[in-house]
Amino acid sequence: MTDAYVVGVDMIKFGRFPEKTVPEIGAESALLALDDCGLTIQDMEALYCGNLGQASGMVGQRILQQIGQTGIPVVNVSNACATGATAFREAWASVKAGLYDCVMAVGVEQMGKGLLGGSGGGTGIPKEGLLGSGTMPAVFAEAGLEHSRKYGTTFEHFAKVSVKNHHHSTLNPKAMYQIETPLDTVMNAEMISYPNTKLMCSVNVDGSAAAVICSEKKAKELGLMGRAVKVRASVLTSDPWQERDLVMPDVNSCTRLAAKQAYEMAGLGPDDIDLVELHDCFATAEILHYENLGLCGDGEAGRMIDDGEVALGGRIPVNVSGGLLSKGHPLGATGIANIYEVTSHLRGEAGARQVQGARVGMTHVIGLGSACGIHILEKV
Amino acid sequence: MSNKPLPVVDYLKIPDDGDPYLEGHKCGSCGAMFLGERKVCSKCGARDQMQAVTLSNRGKLYSYSIVYRSFPGIDVPYISAVIDLDDGATLKGNLINVEPDPANIEFDMPVEVVFDDALGRKDRDGNSYISYFFQPAS
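Residue numbers (this note's numbering), protein chains in the order written: chain A, 40 to 419; chain B, 3 to 140.
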């Protein structure tokens, strides 16, 4: 099978764009990704589009109606917060399979404000606040406190994740926010669901990101290998059965399974990874994934954040983009925005937040329900 | 409208002549426990081996969150608790009769299941409901 390369990738600055339509927001990053590699929509043989909010709304086709209706196949993808990564993976798979030599993946979301989740569905009466909580801050608080019960992880450990990621975002002009949030500010912010304060919850924003993927042959033909980044691993898992997963969505097993498969596919290990963009939908979640991704041993995540190993300049910088906590989390776009971030570092184009000497990077997302997508990228 | 309160979920049973109880469905092949009726076990894939079992009214707190921000109309704060019942089932519910402060909540604290009116919530037809709650074991 051919190797597949990211030859063009970009994202728009995340923000709130209520005056725009979802296809308009998606079209912006699609054009940016084409410009990044100097190709046109006529060069694209297929489009894979990730969006949740209008999952039945043919968003991919409507993006082409904005930027060029060339008659190519369009696949619209919806997979919770793994939507963007899933669209990217489908694009990658089509090139790996030899179906196409040059395709595009776009992820886009328009979010609005407020709590996500809740257990209000079904018949009868609302269950939220009656049978516990199904809101996302509470679900991920419960997942975080599961780590606390095992390893003594504290509120302060979790809060430090948010301090770090908000600091990183001050160096990222495409993040929603560029604001320092010291530890006392994070811990004293409005408590949403203990131990997650408001500053420990991802930011609901609108945004899009897009990538152009080529086969090795095509990338060479087009003279695009100079800035191309090789996809060393692409993995998608669902949640394997766990005894509590009916009431406690399990973000750990599907991540561990995906990480194992990704390292095997890439022929690499955690020590080979120079930076990670992982799914910090809540500060509590990031702590879990240091261990789930093998960045440290089980029970060492608290020490990792205390010692600064995961900060820019540390042993294995995590979420130098600012992460979902401060860059923002437009659900369908996040997975491809992660690809943009890691690619920028591998190309040496990440500016003030550049991870020096980065050659290999990892992206990770979790869609609750659950889906885990992991990609390992390498500059060759 | 029903003359009797209805169960909040289908795995809460209200017998005509006895106390409410929670019902699990246990796989006869691998022993996995589920809430609600099903035909196939999602752990081992065995078909038609599910057996209804009455769940224990006692358990331990596995994890929790204290919810301060919820949807409009929901009283906060409250404790959302993940409880491991003594016979292997896990449920989520409100932990009541504990001040919602981390200092008062310990992992593995013993709890008991209690049944009561569903916080006054009624459906569109005016039916009232019985729900389950957890409280520190007496």
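Even glycine gets a Cβ: it sits at the ideal position worked out from N, Cα and C.
**Request:** Please report how far the alpha carbon of E388 of chain A lies from the alpha carbon of V78 of chain B, in whole angstroms.
**Result:** Against the first sequence, residue 388 of chain A aligns to sequence position 349. Against the second sequence, residue 78 of chain B aligns to sequence position 76. Cα to Cα, the separation comes out at about 47 angstroms.
**Message:** If I measure Cβ to Cβ from A121 of chain A and keep anything under 6 angstroms in the same chain, skipping five residues before and after, which residues do I get?
**Reply:** The residue given as residue 121 of chain A occupies position 82 in the first sequence. Same-chain partners within the cutoff: V404, G406, A410 and G412.
**Prompt:** At a CB-CB cut-off below 7 angstroms, which residues of chain B make contact with S172 of chain A?
**Reply:** Stepping through the first sequence from its first residue, residue 172 of chain A is reached at position 133. Neighbours of S172 of chain A on chain B, chain order: S67, V69, S72 and S82.
**Prompt:** Looking at C-beta atoms only, is the number of pairs between the stretch 235 to 246 of chain A and the stretch 53 to 63 of chain A that lie closer than 8 angstroms three or more?
**Reply:** yes
**Message:** Check for me: the alpha helix (DSSP H) holding C76 of chain A runs from which residue to which?
**Reply:** If you number the first sequence from 1, residue 76 of chain A lands on position 37. Where C76 of chain A is concerned, the enclosing alpha helix (DSSP H) stretches over V61 to C76.
**Request:** For chain A, find out if any of its Cβ atoms is closer than 9 angstroms to the Cβ of A120 of chain B; answer yes or no.
**Result:** Along the second sequence, one-based indexing puts residue 120 of chain B at 118. Taking CB atoms only, A120 of chain B has a neighbour in chain A less than 9 angstroms away.
**Item:** Interfacial residues, the stretch 86 to 120 of chain B to chain A, with Cβ spacing under 7 angstroms
**Value:** T92, L93, K94, G95, N96, P104, F109 and A120
**Prompt:** Cβ atoms of I312 of chain A and V23 of chain A: under 9 angstroms apart, would you say?
**Reply:** The question about residue 23 of chain A has no answer, for chain A in this structure spans 40 to 419.
**Exposed unless 16 or more other CB atoms sit within 10 angstroms - verdict on P112 of chain A** = Translated into positions along the first sequence, residue 112 of chain A becomes position 73. That one is exposed.
**Prompt:** How big is the Cα-Cα spacing for W280 of chain A and G390 of chain A?
**Reply:** Within the first sequence, the letter at position 241 stands for residue 280 of chain A. Within the first sequence, the letter at position 351 stands for residue 390 of chain A. Each residue's alpha carbon lies about 43 angstroms from the other.
**Request:** Assign Q81 of chain A to one of two classes, buried (16 or more other C-beta atoms within 10 Å of its C-beta) or exposed (fewer than that).
**Result:** Taking the first residue of the first sequence as position 1, residue 81 of chain A is located at position 42. Answer is exposed; the Cβ neighbour count stays below 16.
**chain E within 9 angstroms of P221 of chain A, Cβ atoms only** = The structure shown contains no chain E; the protein chains it does contain are A and B.
**Request:** Inspect the beta-carbon positions of S67 of chain B and S232 of chain A and report whether they are closer than 9 angstroms.
**Result:** Here the question's residue 67 of chain B lines up with position 65 in the second sequence. Here the question's residue 232 of chain A lines up with position 193 in the first sequence. Their beta carbons are under 9 angstroms apart, which means S67 of chain B touches S232 of chain A by this criterion.
**Prompt:** Leaving out five residues before and five after S117 of chain A in sequence, what residues of the same chain have Cβ atoms less than 6 angstroms from its Cβ?
**Reply:** Here residue 117 of chain A corresponds to residue number 78 of the first sequence, with the count starting at 1. L91 and A94, listed in sequence order.
**Asked** Out of B:M52, B:G20 and B:F135, which has the shortest C-alpha to C-alpha gap to F117 of chain B?
**Response** Reading the second sequence from its first residue, position 115 is the one you call residue 117 of chain B. Ranking the options by Cα distance to F117 of chain B, first place goes to B:F135.
**Message:** Buried or exposed, going by whether 16 or more other CB atoms sit within 10 Å of the CB of V113 of chain B?
**Reply:** Within the second sequence, residue 113 of chain B is the residue found at index 111, counting from 1. V113 of chain B should be labelled buried.
**Message:** Taking 6 angstroms as the limit between beta carbons, can you name the residues of its chain near A91 of chain B, skipping five residues before and five after?
**Reply:** Here residue 91 of chain B refers to the residue found at position 89 when the second sequence is read from its first residue. Once the five neighbours on either side are set aside, the close Cβ partners of A91 of chain B are G26, M35 and L57.
**Message:** Which complete alpha helix (DSSP H) runs does the stretch 183 to 239 of chain A hold, if anything under 4 residues is left out?
**Reply:** Contiguous alpha helix (DSSP H) elements confined to the stretch 183 to 239 of chain A occur at 194 to 208 and 222 to 227, taking only those with 4 or more residues.
**Asked** What in chain B is Cβ-close to P165 of chain A, meaning under 9 angstroms?
**Response** One-based indexing of the first sequence puts residue 165 of chain A at position 126. By Cβ distance, chain B contributes F73, G75, I76 and R123.
**Item:** Beta-bridge pairing of F136 of chain B - partner residues as DSSP gives them
**Value:** Here residue 136 of chain B corresponds to residue number 134 of the second sequence, with the count starting at 1. Bridge partners of F136 of chain B: B:L97 and B:V115.
**Request:** With a threshold of 16 other CB atoms inside 10 Å of the CB of V149 of chain A, please say whether the residue is buried or exposed.
**Result:** Translated into the one-based positions of the first sequence, residue 149 of chain A becomes position 110. The amino acid at residue 149 of chain A is misidentified as Val; the sequence shows Gln. Buried.
**Request:** Find the residues of chain B that neighbour L154 of chain A, judging by a C-beta separation of less than 8 angstroms, and give them in chain order.
**Result:** The count along the first sequence starts at 1 and reaches residue 154 of chain A at position 115. Below the 8 angstroms Cβ cutoff, chain B contributes R71, S72 and F73 as neighbours of L154 of chain A, in chain order.
**Item:** Uninterrupted beta strand (DSSP E) stretches inside the stretch 78 to 161 of chain A (no shorter than 3 residues)
**Value:** 86 to 89, 113 to 116 and 141 to 148
**Asked** With 9 angstroms set as the bound, which would you pick, yes or no: does the beta-carbon of N59 of chain B sit closer than that to a beta-carbon of chain A?
**Response** The residue you call residue 59 of chain B lines up with position 57 of the second sequence. It does not; no Cβ of chain A falls within 9 angstroms.
**Request:** Find the residues of chain A that neighbour Y131 of chain B, judging by a C-beta separation of less than 8 angstroms, and give them in chain order.
**Result:** Reading the second sequence from its first residue, position 129 is the one you call residue 131 of chain B. By Cβ distance, chain A contributes G163 and I164.
**Distance between A180 of chain A and T323 of chain A (C-alpha atoms, nearest Å)** = Sequence index remark: in the first sequence, residue 323 of chain A carries index 284 (1-based). Sequence index remark: in the first sequence, residue 180 of chain A carries index 141 (1-based). When rounded, the distance between both Cα atoms is 6 angstroms.
**Prompt:** With 16 as the cutoff for other CB atoms within 10 Å, does K269 of chain A come out buried or exposed?
**Reply:** The residue labelled residue 269 of chain A in the question sits at position 230 within the first sequence. The residue is buried, with at least 16 neighbouring Cβ atoms inside 10 Å.
**Item:** Closer than 9 angstroms to chain B by CB, S187 of chain A
**Value:** To locate residue 187 of chain A, count along the first sequence from 1; it is residue 148. It does; some Cβ of chain B falls within 9 angstroms.
**Proximal residues, the stretch 4 to 38 of chain B versus chain A, C-beta separation under 9 angstroms** = L8, P9, V10, V11, A34, M35, F36, L37 and G38
**Asked** With C-beta atoms as the reference, is L169 of chain A less than 9 angstroms away from S133 of chain B?
**Response** Locating residue 169 of chain A in the first sequence gives position 130, counting from the first residue. Locating residue 133 of chain B in the second sequence gives position 131, counting from the first residue. Going by C-beta atoms, L169 of chain A is nearer than 9 angstroms to S133 of chain B.
**Prompt:** Where are the beta strand (DSSP E) runs, 3 residues long or more, that stay fully inside the stretch 252 to 291 of chain A, in chain order?
**Reply:** 268 to 277
**Request:** Give the secondary structure of V357 of chain A by DSSP, where H, G and I count as helix, E and B as strand, and everything else as coil.
**Result:** One-based indexing of the first sequence puts residue 357 of chain A at position 318. Here V357 of chain A sits in strand by DSSP.
**Item:** K45 of chain B at chain A interface by Cβ criterion, 9 angstroms
**Value:** Position 43 of the second sequence, counting from 1, holds the residue named residue 45 of chain B. Yes, contact with chain A.
**Prompt:** Buried or exposed: V98 of chain A, going by 16 or more other Cβ atoms within 10 Å of its Cβ?
**Reply:** Stepping through the first sequence from its first residue, residue 98 of chain A is reached at position 59. The residue in question, V98 of chain A, is buried, as its Cβ has 16 or more Cβ neighbours within 10 Å.
**Request:** Indicate the three-state DSSP secondary structure (helix, strand or coil) for T41 of chain A in the structure shown.
**Result:** Counting from 1 along the first sequence, the entry for residue 41 of chain A is found at position 2. In this structure, T41 of chain A counts as coil in the three-state DSSP scheme.
**Asked** Is L314 of chain A near V357 of chain A, with beta carbons less than 9 angstroms apart?
**Response** The residue given as residue 314 of chain A occupies position 275 in the first sequence. The residue given as residue 357 of chain A occupies position 318 in the first sequence. Against a cut-off of 9 angstroms, the Cβ pair of V357 of chain A and L314 of chain A comes out as a contact.
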